[in-house]
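Worksheet for the structure shown next.
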Amino acid sequence: MTERGRLITLEGGEGVGKSSNVAFVTAWLKARGLEVVATREPGGTPRGEAIRELLLDPAPAEPLCSDAELLLMFAARAQHLAEKIRPALARGAWVVCDRFTDATYAYQGAGRGLDNQRIATLEHFVQAGLTPDLTILLDMPVEAASRRVSSRLDSGGGQRDRFEREQRDFFAAVREGYRQRAEAEPGRFARVDAARSLEAVQTQLDDLLETRIASWR
Ligand code: Z5A
């Protein structure tokens, strides 16, 4: 029987370096001969990406209420799990995902103030017990991360999406939401200091992956 693959997620606030480091983690695993699927949420499938457009639209025709936002996150996730994540894990591939359900607790729970119990009910319904094997939390102060996003935008990197237009208090609540989740599940989470140079962040990731993956063998 094929051994099930592993699910690794990268989490953190805007601009902490998730996209840059999904590429690093993916290359690291591929260099060890593993089949790796790199993906993201919301999105990851054609329908999921269409839902992402709705969620990130900076100028929606009508405001998106928080409950609809929450349900759309889980609708995209259900499709992502059915079409991409579960089939990949079943054939033994490793999945590296830029954000997953911890983002829902951090943004819709801590950020928007929705009840964690409602999020947990949807998590149970959609995921039926599937959780990441490892979650890398890229953590850094909100102001410094926001400066990174601004400089990327200034150098021609598009416009601020609906989430990136939120205020500092929202991002501070999101960071605290992530901190609490990491504290509650120290076996699954690993915190990385994302305020350091990209090279220093990737040295931390290299050490972390060596240690964690050795512990799974
Ligand atoms: N969301 C939600 O609310 N609920 C959910 O359940 C899920 C998501 C799944 C889209 O996510 C939004 O969806 C997100 C939360 C919400 N909104 N926000 N905010 P996203 O992941 O696509 O959006 P993002 O967090 O805004 O991504 P981002 O801005 O692309 O950031 P990033 O991927 O973490 O960072 P990056 O693109 O790799 O790096 C940002 C810039 O900094 C870039 O110019 C890099 O070259 C630079 N960089 C990266 N690392 C470094 C270091 N170490 N030093 C210096 N510069 C660096």
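Taking my numbering, the leading residue of the sequence shown gets 5, the next gets one more, and so forth.
Yeah, the Cβ is synthetic: ideal placement off N, Cα and C, and Gly gets one too.
Closer than 7 Å: residue i CB and nearest ligand 1 heavy atom
i: Tyr182; result: no
i: Gly96; result: no
i: Lys22; result: yes
i: Pro50; result: no
i: Phe174; result: no
Residues near residue i by beta carbon distance below 7 Å, same chain, minus five either side
i: Ser23; result: Asp102
i: Pro46; result: Gly52, Ile55, Arg56, Leu59, Met77, Ala80
i: Leu1; result: Residue numbering for the chain in the displayed model covers 5 to 221; residue 1 lies beyond these limits and cannot be assessed.
Beta-bridge pairing of residue i - partner residues as DSSP gives them
i: Asp143; result: Asp197
i: Val20; result: Answer is none; Val20 lacks a bridge partner.
i: Trp220; result: Partner(s): none; Trp220 has no beta bridge.
i: Asp225; result: Within the shown structure, residues of the chain are numbered from 5 to 221, placing residue 225 beyond reach of any answer.
i: Leu138; result: Ile12
Residue i: CB within 7 Å of a non-hydrogen atom of ligand 3
i: Tyr109; result: Ligand 3 is absent from the structure shown, which contains only ligand 1.
Distance CB(residue i)-CB(residue j) smaller than 8 Å
i: Ile123; j: Tyr109; result: yes
i: Gly96; j: Arg8; result: yes
i: Leu209; j: Val29; result: yes
Sequence-distant residues of its chain with Cβ nearer than 6 Å to residue i (five each side left out)
i: Leu33; result: Val40, Trp98
i: Leu213; result: Trp32
i: Phe175; result: Gly17, Val146
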